[in-house]
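Residue numbers (UniProt numbering): 1 to 435.
Each remark here refers to the structure printed beneath this line.
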Amino acid sequence: MSSTEKEEGPHFQSSLPPLWTKGGLKAMDEPGPSQGLLHEKLEGPLPDELSDAQCEHLASELRSNPNYRELDLSRYSLKESGVELLCAALRSPKCRLQVLRLNGCLPSERSCVSLISALKSASISLRELDLSGNKSLKDSGVQLLSSVLKNQMKALKILRLNNCGLSEKSCAVLALTEFYYLEELDLSLNNLCDSGIKLLFSEQGAVIWRLKKLRLNNCGLSEKSCAVLALTEFYYLEELDLSLNNLCDSGIKLLFSEWRTVIRRLKKLRLNNCGLSEKSCAVLALTEFYYLEELDLSLNNLCDSGIKLLFSEQGAVIWRLKKLRLNNCGLSEKSCAVLALTEFYYLEELDLSLNNLCDSGIKLLFSEWRTVIRRLKKLRLNNCGLSEKSCAVLASTEFDYLEELDLSLNNLCDSGIKLLFSEQGAVIWRLKKLR
1 MSSTEKEEGP HFQSSLPPLW TKGGLKAMDE PGPSQGLLHE KLEGPLPDEL
51 SDAQCEHLAS ELRSNPNYRE LDLSRYSLKE SGVELLCAAL RSPKCRLQVL
101 RLNGCLPSER SCVSLISALK SASISLRELD LSGNKSLKDS GVQLLSSVLK
151 NQMKALKILR LNNCGLSEKS CAVLALTEFY YLEELDLSLN NLCDSGIKLL
201 FSEQGAVIWR LKKLRLNNCG LSEKSCAVLA LTEFYYLEEL DLSLNNLCDS
251 GIKLLFSEWR TVIRRLKKLR LNNCGLSEKS CAVLALTEFY YLEELDLSLN
301 NLCDSGIKLL FSEQGAVIWR LKKLRLNNCG LSEKSCAVLA LTEFYYLEEL
351 DLSLNNLCDS GIKLLFSEWR TVIRRLKKLR LNNCGLSEKS CAVLASTEFD
401 YLEELDLSLN NLCDSGIKLL FSEQGAVIWR LKKLR
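Structural data, given as structure tokens:
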């Protein structure tokens, strides 16, 4: 153990969600002399809901051992009594948790209030708090939480409130909270609307000062939110997810036309199902994404004309791309011809599922593209109208690192499978997932 680890103490990492073993409920991945085991004799499969006995055992361990740093109960639900036991442990002066993940764990509004009350009186200073999936939190819970965020959690780096039944009222509260070190904010699956985004980012720059990851997936946003975000100075933003919002082409134009200097650090951009067309492709093609590694434009009606604009006109879009998802974008073999001529030097994941590429498209894509796909690890061609002819093409393609292949919902037949796996071992050499 290094001197740093001795000073900080071992992390309570992956201790929860608990791991089911023959011996019982295990609290540590890598138990050492100073890392105890939550060890309780149990029978049967691990339950979705933790019992009071399990919660009491956990609480006792947290109260007695100050070395634990992470608590993750995200896969399990708690009873009211279990929440109370956990809250009592959090109040213990020996509890030194820095990461608390309770995704979907809290059964009621009362349990949310109890947890927030415990955090308020606790001596812990969290760096990560995940209360996602607790719909009973609501705006009233965020209002209560705000005092904790202002006082006990000034060092918070990660805040996830995904799917918590929030509205624009929570945005107003968060806007007044001084997040000096916040790097990740996830408010997805909440009905924030444009008015909420305006409150969140227009009123208080402290919210976004150091933000690296911002997820606003499915928040009921429109082009108006794009206008607000375009004027917000995200100096360090690396990941932006605005999927499942009706931004339309007008929103993308507002967002990136004004935002060119700000998105220079962006590594991940997800605009899945945003009502986009080829017009958005034209805007993105002219945007200088110097570090973009992941682009998801799935479930948008881009068509072949959009792909031509996106990849033919501006090489800067794809210079460093590692993941490209164009699932269900209305593409045909013409898009395959464009992609085949695009120099994806680092591409590791390609998803073209639910596009009518046909065998001719696969032939174009991989016959020309053999040197480019040598780094490809994941290839998804689900429901692309393929037959055994595509299998023959894939079999003769040298996938040196391919780990995942999805050819589901294609009419490959037995003859296709025979071609795919009998003729060329290189296709399946490293495969871990085959669909």
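Every residue gets a Cβ at the ideal spot worked out from N, C-alpha and C, and that includes glycine.
Bridge partners of residue 110 according to DSSP: none are assigned. Closest in alpha carbon position to residue 347, among 277, 356, 377 and 72, is 377. Rounded to the nearest angstrom, the Cβ distance from residue 328 to residue 299 is 5 Å, consistent with a contact under 8 Å.
At a Cβ-Cβ threshold of 8 Å, residue 134 and residue 106 count as neighbours. Between the alpha carbons of residue 268 and residue 122 lies a gap of roughly 36 Å. Contact annotation: residue 374 and residue 351 have beta-carbon atoms that are not nearer than 8 Å. Going by beta carbons, residue 212 and residue 187 fall outside the 8 Å limit. By the 16-neighbour rule on beta-carbons within 10 angstroms, residue 198 is buried. Taking 8 Å as the cut-off, the Cβ atoms of residue 430 and residue 398 do not count as close. Contact check for residue 385 against residue 357 passes: the beta carbons are separated by less than 8 Å.
Rounded to whole angstroms, the separation of the alpha carbons of residue 79 and residue 94 is 24 Å. Residue 247 places its beta carbon less than 8 Å from that of residue 275. Beyond the five residues adjoining it in sequence on each side, residue 323 comes within less than 6 Å, by CB distance, of 294 and 349 in the same chain, given in chain order.
When the Cα atoms are used, residue 223 and residue 103 turn out to be separated by approximately 30 Å.
Under DSSP, residue 158 forms a beta bridge with 128 and 184. Taken through DSSP and simplified to helix, strand or coil, residue 269 comes out as strand. Less than 8 Å divides the Cβ of residue 336 from the Cβ of residue 365. Distances from the alpha-carbon of residue 296 to those of 318, 131 and 91 put 318 closest.
Rounded to whole angstroms, residue 435 and residue 239 show a C-alpha spacing of 29 Å.
Around the beta carbon of residue 244, a 10 Å sphere encloses 16 or more other beta carbons of the protein chains shown; the residue is thus reported as buried.
Taking 8 Å as the cut-off, the Cβ atoms of residue 90 and residue 124 count as close. The C-beta distance from residue 168 to residue 132 rounds to 19 Å, too long to fall under 8 Å, and the pair is not in contact. For residue 63, the enclosing alpha helix (DSSP H) has its first and last residue at 52-64. The alpha-carbon separation between residue 50 and residue 158 amounts to approximately 26 Å.
By the C-beta density criterion, residue 48 is exposed, having fewer than 16 other C-beta atoms within 10 angstroms. Counting the other CB atoms within 10 Å of its CB gives residue 417 a total below 16, which places it among the exposed residues.
The beta carbon of residue 77 sits closer than 8 Å to those of 48, 49, 50, 104, 105 and 107, all from its chain and outside the five residues before and after it, given in chain order. Taken through DSSP and simplified to helix, strand or coil, residue 279 comes out as helix. When C-alpha distances from residue 392 are compared across 141, 381, 422 and 82, the shortest belongs to 422. The beta carbons of residue 171 and residue 200 sit closer together than 8 Å.
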